[in-house]
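To start, the structure itself, in structure tokens.
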Ligand code: G4F
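Numbering (our numbering), first residue to last: 3 to 329.
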């Protein structure tokens, strides 16, 4: 029998790579899409004739239940969330509702299915932001110390996942993901903002790049590798939590330098530090230890930092001079 998977947030970066991976593995793939008046499906247009789409929203329990009823999934991947840390300071309640309580709505809707046997396996993307100011390298044993409304919402979702696992015996696995990027990353995140700017600078349509905190240090992987880890987590005998990270960290400034160097540009001519781009509180240093995922899942990152930067710069250089639509 064909396995069925439901991907919430399937129009986003991780959701779109997961849909591709699941199709490759022979799944019947369902996507849960939030209705939008401005097109939000660019990342999955190429999959349209191979997947089933249902409309819904994590703030609307009935739409989640209806998606579960129609798709009857064996596996559910919850990639739907408000994931922008900066935005969470401006919209803290919306972030808590979608990213925190939204995950709980999904877990509870799955709990209400007729029997535990019918309840799907669930993947919950937790985040390194939950560690906040805790000292790196961060592992599954590192205490949470959230430093944004987004991180608080994710901590709530993470603890809810663990609770439903223990209280109801549900299979909910959490990937504690460090930053993951690709040419499908949204431009509201710093890596894509940088590589899109480089593309436009090369095309002559942008002259300046305004950034905030250049000294923040992040552990960047490729989104495809994170999708692979998510799938592996749901194939294990028991659900668990896994840090997913490259184990190497770079500052935002180092990302800028690497990307501009690859494009043959002097970053100092274009980058302006803008206080408007600073957050009320920022996490200084995230660097993950993924030893557990390597040992238990056999997972390992396949794309290095420089390969990732190069892929993004090359993609956005072509994009800036072509008619192709974003992303
Ligand atoms: O790219 P960012 O917005 O990602 P951030 O905040 O690290 O969060 C991302 O990774 C998390 C996992 O660790 C996810 F949970 C989360 O959903 C998201 O995917 O910012 C990275 C760093 C920050 O320190 C930020 O202050 O870059 C700094 N930064 C400097 N200038 C900027 C900018 N960030 C953005 N978005 N825009 C700037 O102009």
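Cβ coordinates follow ideal geometry from the N, Cα and C atoms, glycine included.
If you ignore the 5 residues before and after residue 97, its C-beta comes within less than 6 Å of the C-beta of 84, 90, 151, 152 and 155, all in its own chain and listed in chain order. By DSSP's assignment, residue 246 forms a beta bridge with 179.
For residue 8, the enclosing beta strand (DSSP E) covers residues 6-10. With distances taken between CA atoms, residue 3 lies nearest to 29 out of 20, 29 and 16. DSSP places residue 126 in the uninterrupted beta strand (DSSP E) bounded by 123-129.
Rounded to the nearest angstrom, the gap between the Cα atoms of residue 273 and residue 45 is 28 Å. A check of alpha carbon separations from residue 165 across 109, 203, 283 and 257 identifies 109 as the nearest. In the structure shown, residue 302 falls within a coil segment according to DSSP collapsed to helix, strand and coil. Setting aside the 5 residues that flank it on each side, residue 226 is surrounded in the same chain by 19, each with a C-beta closer than 6 Å to its C-beta; the list follows chain order. Between residue 258 and residue 203, the gap from beta carbon to beta carbon reaches 8 Å or more. Taking non-hydrogen atoms of the ligand G4F into account, the C-beta of residue 137 is found less than 7 Å away from none of them. Relative to residue 65, the option among 37, 238 and 31 whose CA is nearest is 37. Excluding its 5 nearest sequence neighbours in each direction, residue 219 has C-beta neighbours in its own chain below 6 Å: 251, 253 and 287, listed in chain order.
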